[in-house]
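Protein chains in written order, with this note's numbering: chain A, 301 to 590; chain B, 116 to 882.
Here is the structure we will look at, set down as C-alpha cells.
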Amino acid sequence: MSTYAGQAAEHVTLPSSLDEAVEALAAMPSAVPVAGGTDLMAAVNSGLLRPAALVGLGRISEIRGWQYADGAALLGAGLTHARMGRPDFAALIPALAAAARSAGPPQIRNAGTLGGNIATAAPTGDALPVLAALEASVILAGPEGDRELPVSHLLTGMDPLRPGELLAFVRIPLLHAPQTFLKATGRTGPGRAVASVALVVDPARRQVRCSVGAVAPVPLRPLEAEQWVAGLIDWDGERSLAPEACTAFGEYVAAACIPDQPGVELPPAAVQLRRTVAALSRRALGRALA
Amino acid sequence: MSIIEGPGPVADTLAGASAHGIGASVPPADALAKTRGTYPYAADLWAEGLLWAAVLRSPHPSARIVRIDTADARAMPGVRAVITHEDVPGDAMHGRGVADRPVFAQDVVRHHGEPIAAVAADHPDTARLAAAAILVEYEVLDPVTDPEKAFAAEPLHPDGNLIRHIPLSFGDPEAVGEVVVEGLYRVGRQDPAPIGAEAGLAVPRPDGGVELYIASTDPHADRDIAAACFGLEADRVKVVVTGVPGATGDREDSGVQLPLGLLALKTGCPVKFVATREESFLGHAHRHPTLLRYRHHADAEGRLVKVEAQILLDAGAYADASSSALAAAVAFAAGPYVVPHVFVEGWAVRTNNPPSGHVRGEGAMQVCAAYEGQMDKLAAKLGLEPAEVRMRNVLATGDLLPTGQTVTCPAPVGELLKAVRDADLPPLPDGEDESQWLLPGGTSGAGEPGAVRRGVGYALGMVHVLGAEGTDEVSTATVRIHDGRATVICAAVETGQGFTTLARQVVQEVLGVEDVRVLPADTDQPPAGPAARGRHTWVSAGAVERAAKMVRTQLLQPLAAKFGMSVELLSIADGKITSYDGVLSTTVAETLDGKELWATAQCRPHPTDRLDENGQGDAFVGLAFCAIRAVVDVDIELGSVRAVELAVAQDVGRVLNPRQLAARIEAGVTQGLGMALMEDLRAPGGVVKRPNFTGYPLPTALDAPDVRIVKLVEERDVVAPFGAKAVSAVPVVTAPAAVAAAVRAATGRPVNRLPIRPQAAIVKPQV
Ligand SMILES: Cc1cc2nc3c(=O)[nH]c(=O)nc-3n(C[C@H](O)[C@H](O)[C@H](O)COP(=O)(O)OP(=O)(O)OC[C@H]3O[C@@H](n4cnc5c(N)ncnc54)[C@H](O)[C@@H]3O)c2cc1C
Numbered sequence: 301m302s303t304y305a306g307q308a309a310e311h312v313t314l315p316s317s318l319d320e321a322v323e324a325l326a327a328m329p330s331a332v333p334v335a336g337g338t339d340l341m342a343a344v345n346s347g348l349l350r351p352a353a354l355v356g357l358g359r360i361s362e363i364r365g366w367q368y369a370d371g372a373a374l375l376g377a378g379l380t381h382a383r384m385g386r387p388d389f390a391a392l393i394p395a396l397a398a399a400a401r402s403a404g405p406p407q408i409r410n411a412g413t414l415g416g417n418i419a420t421a422a423p424t425g426d427a428l429p430v431l432a433a434l435e436a437s438v439i440l441a442g443p444e445g446d447r448e449l450p451v452s453h454l455l456t457g458m459d460p461l462r463p464g465e466l467l468a469f470v471r472i473p474l475l476h477a478p479q480t481f482l483k484a485t486g487r488t489g490p491g492r493a494v495a496s497v498a499l500v501v502d503p504a505r506r507q508v509r510c511s512v513g514a515v516a517p518v519p520l521r522p523l524e525a526e527q528w529v530a531g532l533i534d535w536d537g538e539r540s541l542a543p544e545a546c547t548a549f550g551e552y553v554a555a556a557c558i559p560d561q562p563g564v565e566l567p568p569a570a571v572q573l574r575r576t577v578a579a580l581s582r583r584a585l586g587r588a589l590a
Numbered sequence: 116m117s118i119i120e121g122p123g124p125v126a127d128t129l130a131g132a133s134a135h136g137i138g139a140s141v142p143p144a145d146a147l148a149k150t151r152g153t154y155p156y157a158a159d160l161w162a163e164g165l166l167w168a169a170v171l172r173s174p175h176p177s178a179r180i181v182r183i184d185t186a187d188a189r190a191m192p193g194v195r196a197v198i199t200h201e202d203v204p205g206d207a208m209h210g211r212g213v214a215d216r217p218v219f220a221q222d223v224v225r226h227h228g229e230p231i232a233a234v235a236a237d238h239p240d241t242a243r244l245a246a247a248a249i250l251v252e253y254e255v256l257d258p259v260t261d262p263e264k265a266f267a268a269e270p271l272h273p274d275g276n277l278i279r280h281i282p283l284s285f286g287d288p289e290a291v292g293e294v295v296v297e298g299l300y301r302v303g304r305q306d307p308a309p310i311g312a313e314a315g316l317a318v319p320r321p322d323g324g325v326e327l328y329i330a331s332t333d334p335h336a337d338r339d340i341a342a343a344c345f346g347l348e349a350d351r352v353k354v355v356v357t358g359v360p361g362a363t364g365d366r367e368d369s370g371v372q373l374p375l376g377l378l379a380l381k382t383g384c385p386v387k388f389v390a391t392r393e394e395s396f397l398g399h400a401h402r403h404p405t406l407l408r409y410r411h412h413a414d415a416e417g418r419l420v421k422v423e424a425q426i427l428l429d430a431g432a433y434a435d436a437s438s439s440a441l442a443a444a445v446a447f448a449a450g451p452y453v454v455p456h457v458f459v460e461g462w463a464v465r466t467n468n469p470p471s472g473h474v475r476g477e478g479a480m481q482v483c484a485a486y487e488g489q490m491d492k493l494a495a496k497l498g499l500e501p502a503e504v505r506m507r508n509v510l511a512t513g514d515l516l517p518t519g520q521t522v523t524c525p526a527p528v529g530e531l532l533k534a535v536r537d538a539d540l541p542p543l544p545d546g547e548d549e550s551q552w553l554l555p556g557g558t559s560g561a562g563e564p565g566a567v568r569r570g571v572g573y574a575l576g577m578v579h580v581l582g583a584e585g586t587d588e589v590s591t592a593t594v595r596i597h598d599g600r601a602t603v604i605c606a607a608v609e610t611g612q613g614f615t616t617l618a619r620q621v622v623q624e625v626l627g628v629e630d631v632r633v634l635p636a637d638t639d640q641p642p643a644g645p646a647a648r649g650r651h652t653w654v655s656a657g658a659v660e661r662a663a664k665m666v667r668t669q670l671l672q673p674l675a676a677k678f679g680m681s682v683e684l685l686s687i688a689d690g691k692i693t694s695y696d697g698v699l700s701t702t703v704a705e706t707l708d709g710k711e712l713w714a715t716a717q718c719r720p721h722p723t724d725r726l727d728e729n730g731q732g733d734a735f736v737g738l739a740f741c742a743i744r745a746v747v748d749v750d751i752e753l754g755s756v757r758a759v760e761l762a763v764a765q766d767v768g769r770v771l772n773p774r775q776l777a778a779r780i781e782a783g784v785t786q787g788l789g790m791a792l793m794e795d796l797r798a799p800g801g802v803v804k805r806p807n808f809t810g811y812p813l814p815t816a817l818d819a820p821d822v823r824i825v826k827l828v829e830e831r832d833v834v835a836p837f838g839a840k841a842v843s844a845v846p847v848v849t850a851p852a853a854v855a856a857a858v859r860a861a862t863g864r865p866v867n868r869l870p871i872r873p874q875a876a877i878v879k880p881q882v
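As C-alpha cells, this is what we get:
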C-alpha cells in the first residue's frame, strides 16, 4: 500500500545470465541485486533502503535449478523455497526441503529464494542451520571470477560478499542418510523460528552433525554433543539409540547453545529457550535414527 | 471453514429458499470489487497537486519538551509546511468523550509515538526526511508503566491519573460460601490491527473549509473533533468516508486526521497521508491491558454465593473509551451467572503505556477470561465437570445483573451451554502417516504425537449491545424509491461488518424491490453514530426499516384508497403489488408513475442510566450471550497450542443474513483466538517493541480453528428492530476464555494470562 511510485528504483536491469548480472553490477556499483524481493522489498517499503538501481536475478535460468557434481548437489541460488519443498528435492536433501516448506506462507515461498535467505543471513533464516549442518559451501561469482567458501565463513562475516559479487551456487554433499529439520514457532500457522534444529547423519564420515538456528545471530554447531552422540552409535549395526541417549543429547545441545552464565541464574526466557532446543534436538535425533 | 448444522432457518436459507430480503444470504455488493482489487480504499486516493504529510512522533514514553526547532525542516526544498502545537487555531485538546489529548504534544509527551509535529511536502520521502529533521530537545522522564503504581505516581496529566473508579456493591458483603477460590489474571495488549493502511486525504475548500477523505467509523464525531481543532464551524468541515479496509475498533488514529486537515488548510493544497504499519501500531488505540483479582464463594453444590473482584484497566495516557470499557468490565465481572452477592472495585488509570480505547468487546473480554478461570477453579475444587458448575449457575431472563438491572431480553444461557456441551467432539488426528497429522506447530512443525495432549474447555460470555450509561443512541436514515429502484442514505459506515448488505435486505423486505443501493456515507447526511457495539444492526437498520415503511405507506395509500381497502391488505414482492384476494395486481413502477417517494426516519431506543456510586443502574439497552467449547491440542514439551475446533452457540435474536452471520462469528472467534494465543503488543518501559506483523503476528487460516456453529438461538428481542441482536462482539469476548479453559484441561496448568505463552502450557516432567 505504501509503495508509491516515488520509492521505486530508477534503474532496473534484468540480466539473463550470471555473467551479465556480474557485469551489470560492475557497471553500476550502487545497484543492489534482487531475487524474490521478499526481504528486500520489505526493507524498501519500510523506508530502510532506497536502492538507486536494481539488478533482478529472476531471469537467470542457470541458477533456478540444480545439478549433480561429484557426489554433491549444486543448487542454484535462485531456487525458490516452493521448489525446494517438492518431493523430488525432498528425496535429495530432506532437511533443506523441510526447512523450505516451513519458510513462511505459500506466497512468500513461491518468491523467496535460497540465495536471498543466505544473503539476508537473518538469525531466523530457515535454510541456514541446515546448510551449516550439511557443511555446505557457496560459490560466488564476481568481477574477478568465481570463488568457493564454506557457508559458515559467509554467515559469520569471516569472509563476506565482496562488492559486485553474487551468490551463484550452493554445494551440498549428498549423504544418503536420514536428516531432519525441526522448527518451533509458538504457533500453528507460518511463523519465524523461535528455535530450529537441523540434524544430519553422515554414515561415510561416521558423524552426526547438528545445527541450531534462531537462538544466536548465526547457526550454532554443538560440536562436543555431536561427537559424543556419534560415539554412542553402532555405525556398522542398526544405528539406533536408547531414548535416554536422545534426551541426554538434547540437554547437551541445549546447554551448549544457551550456556550457563557463571554466577547468575538463567533468566526465564533463556530457560524456556533451552527447554525448547532440548526438545527439538531430542526429537530430531530420535526421528533421524528411528 | 464454518459448519452450520441442524434444522432451522439457517440451514433452510443456505439451501437457497429466497435470494433477497431478511433471512436471505444476500452477498455484499462490494465483494467483487474487493476481490478484484478495484475497490477504492483511502490509500488509493489521489488529487491533482497533492502534497504528502508525515508526522513526527515521540521516541520516548515520557519526557518534557524543552525546545522544538523546525527551522532545518522548513528550509528543506520541497517542504511546504511544518506545523506544531503553535499552529492549532482551534481547541488544542481533543478526545472521544473527554477532550484530554493534545493534537500535538506541547510541554510533555505522554506515550511513545505521540505526535509532536507534522510536515507537508511535495514527496513522501521529503516529508519523512523533513519530519526527521525537526529538532526536539527532550528532558526524558521516568515513565509510569505499571498501572498499579499509577495511583501513587506524580500525575502525568492535569486531570490526574485516575480516569474512573467504579465500586460496585450488590448484596451482602458478609456473605460467605463453603468453598472459596481465588485467582489473579492478566490480559495483554491486543491491537485492532486493521489490515488496510491507515490513510487519508484532506482537500481544502474554496469557502475556507476542508474535506477529509478518511476511513472513519464515526464520521460525525470525527468531523466535530476536526472542526473544533481547526477553529471552524462544523458545517465547514466535511468528512467523506472512503472504503474502510477492516475495523474492529476506532479505525483511524485522530493523531493523523487532525494534522492532515491542518496542513491542507495551511498550504491550500490537498494533502495525503499513508501511515506505515509502525505508525499504526504506535498511534491508534489498543485493547486495555488488564489486571484482575478474583475471589469466588460457592456452596457445596457449586452454586455461586459471592463474587469479589478488583479490576484494573491500563488506559494509557488518555481517557478515550476507558470509562465505558470499565463500566462493561465491572457490570459483567461475574459473567452470565446468577450471583446473589457481588462486590467489585474497578479502576481505569493513566500510564505512559500505548493508548487504550475501543476494541470490540472492551472490558467484557478481559473479565470473561477471569471469571471463567474462576469457574474452572471452582469445578476442580468441587470435583465437578467444568460445564456442570457453569450449568448450575446460568443466568436467565428475569434475573438480576450485579448492577441491579433486570435482564428483560432473551438470555438463553443454559440452552447455549447445553448445545455446545452436547455437540460431538472433533475426531483425533488419524491416518497411517503421522507426519501428515496437523499438530501444534503446524504441518511442518516440530510436533510429536507422543507429546501432544488434547483438552476441552468451556466459556460463557456476554456483552452489551449499543452504547451504555445514558449514551444517546440514535440513527437517521432516508429511503427513496424511484423507477422501481430504491436508494438508502445513511451515514452508518460499512466497515466490512455488513451494514450496507443488511440495509439492502431491509428495504427489499419492506418495499419488495430487489434493486437497492446504499449511498456512500458522509457528514452532509444526518448522523448515524459510530460503527460499534452492534449499533447499526439495531439503530441504523431500524431507522432504514422505518423510513422504508413510510415510503411503503406513501406508495400504497393511494392504491388502497382507490380500491377501498386498507394498506395492510396489500403486499409487495418482486416489484409487484397484489391485494390479499388477488383482485388487485399491478407493479411498483406503474404505481409510482415516474414519481419519487422519499422518507426519513430515526430510531432511538429507550434511554439508559449511568452507573451510580455503588455501580447500580439500568445501564444497558440490550445484552447478547454466547457459549463456546474449545478443543485444543497442546505439545506439552514445547508449549505450542493448536486450536482444533471452537464450537459456538450464540444468542442472536433472529438470523438476518445466515452467511454474513456465520462470517461475523468466524471473524470474532478468530480475533479471540489471536488474543488467546498470540497477540500482545509488547511495550517494556513504555516503548513499543517490534511494531510490525512479524513481531506482532495475527492468526492466519492455518492458526484458525474450525469454527463450528452448533446452535443459533432465535429468541427475538422484542425491543430490537427485527428482534435481532448484534453478533460480532460476543464471540470475541468468549473465545479467549474458552481456549484458556481448554489449555488448562490439557495441561493441568493454571493458565491465568492472555495471550497464553508457551511456557504456561508446558508440563514439566515429574522427577
Ligand atoms: C511474510 C514473510 C514471512 C517470511 N517467513 C520466513 C520464514 O519463516 N523463514 C525464513 O527463513 N525466511 C522468511 N522470510 C524471509 C524471506 O522470505 C527469505 O529470507 C527469502 O529466502 C529471501 O529470498 P528472496 O529471494 O526473496 O531475497 P530478496 O529479498 O530478493 O533479497 C534479499 C537480500 O539478498 C540479496 N540477494 C538475493 N539474491 C542474491 C544473490 N544471488 N547474490 C547476492 N545477493 C543476493 C539481496 O540483495 C538482498 O539484500 C519471510 C519473509 C516474509 C515477507
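Glycine included, every Cβ here is placed at the ideal spot set by N, Cα and C.
These figures come from a predicted structure and were not determined experimentally.
- Task: Taking alanine 850 of chain B as the query, report the chain A residues whose CB atoms sit under 7 angstroms from its CB, ordered along the chain.
- Result: In chain order: nothing, as chain A lies at least about 15 angstroms away.
- Hey, does isoleucine 119 of chain B have any beta-carbon neighbour from chain A nearer than 7 angstroms? Residue confidence for isoleucine 119 of chain B is low, a pLDDT of 44 falling below 50, so the modelled location carries little weight; the figure read from the coordinates is stated next. No, isoleucine 119 of chain B does not count as interfacial toward chain A.
- Would you identify the three-state DSSP class for valine 784 of chain B, choosing helix, strand or coil? helix
- Task: With DSSP as the reference, label glutamate 444 of chain A as helix, strand or coil.
- Result: coil
- Query: Since aspartate 435 of chain B contacts arginine 211 of chain B with CB under 8 angstroms, what's their CB separation in whole angstroms?
  - Reply: 6 angstroms
- Task: Compare the C-beta of glutamine 874 of chain B with all C-beta atoms of chain A and state if any pair is closer than 7 angstroms.
- Result: yes
- Item | asparagine 772 of chain B: CB within 6 angstroms of a non-hydrogen atom of ligand 2 | With respect to small molecules bound, the structure shown includes ligand 1 and not ligand 2.
- Message: Quick check on the burial criterion: 16 or more other C-beta atoms within 10 angstroms. Buried or exposed for valine 578 of chain B?
- Response: buried
- Message: Quick check: what's the CA-CA separation for proline 542 of chain B versus tryptophan 552 of chain B?
- Response: 12 angstroms
- Task: For the beta strand (DSSP E) holding phenylalanine 219 of chain B, just list the boundary residues, first then last.
- Result: Neither: phenylalanine 219 of chain B is in no beta strand (DSSP E) and is coded neither H nor E.
- Three-state secondary structure assigned by DSSP to tryptophan 535 of chain A: coil
- Item | DSSP-derived helix/strand/coil call for glycine 496 of chain A | Checking the displayed sequence, the identity of residue 496 of chain A turns out to be serine instead of glycine. Note: serine 496 of chain A maps to strand in three-state DSSP.
- Query: Under 7 angstroms between C-beta atoms, does glycine 491 of chain A make it to chain B?
  - Reply: yes
- What residues in the region 737 to 758 of chain B bring their beta carbon closer than 7 angstroms to a beta carbon of chain C? Absent from the structure: chain C. Protein chains present are A and B.
- Is the shortest distance between the beta-carbon of leucine 455 of chain A and the beta-carbons of chain B less than 7 angstroms? no
- Listed from N- to C-terminal order along the chain, which residues in the region 558 to 572 of chain B have their beta-carbon within a distance smaller than 7 angstroms of any beta-carbon of chain A? Ser559, Gly560, Ala561 and Glu563
- Query: Span of the alpha helix (DSSP H) holding threonine 242 of chain A?
  - Reply: No statement about residue 242 of chain A is possible, as the shown extent of chain A runs from 301 to 590 and does not include it.
- State yes or no: is the beta carbon of methionine 793 of chain B nearer than 7 angstroms to at least one beta carbon in chain A? yes
- alanine 618 of chain B: first and last residue of the uninterrupted alpha helix (DSSP H) it sits in: 614 to 626
- Item | Where methionine 116 of chain B falls: helix, strand or coil (DSSP) | Only weak support is given to the placement of methionine 116 of chain B: the predicted model assigns it a pLDDT of 40, under 50, and the question is left unresolved by the model.
- Whether arginine 582 of chain A touches glycine 531 of chain A by CB criterion (7 angstroms): no
- Query: How about glycine 336 of chain A: is its C-beta nearer than 7 angstroms to some C-beta of chain B?
  - Reply: no
- Could you check which residue in B:Thr723, B:Ala574 and B:Val770 has the C-alpha nearest to that of glycine 787 of chain B? B:Ala574
- 7 angstroms Cβ cutoff met for leucine 374 of chain A and phenylalanine 469 of chain A: yes
- Message: Would glycine 486 of chain A pass as an interface residue toward chain B - the criterion being a Cβ-Cβ separation below 7 angstroms?
- Response: yes
- If the cut is a Cβ gap below 8 angstroms, which residues of chain A does leucine 817 of chain B touch? Thr488, Gly489 and Pro490
- Message: Going by DSSP in three states, tryptophan 528 of chain A sits in which element: helix, strand or coil?
- Response: helix
- Pick from B:Leu771, B:Arg872 and B:Ala875: whose alpha carbon is nearest that of valine 842 of chain B? B:Leu771
- When the cut-off is 7 angstroms and only beta carbons count, does arginine 447 of chain A lie next to chain B? no
- Task: Report yes if the C-beta distance between threonine 338 of chain A and alanine 411 of chain A is below 7 angstroms; otherwise report no.
- Result: yes
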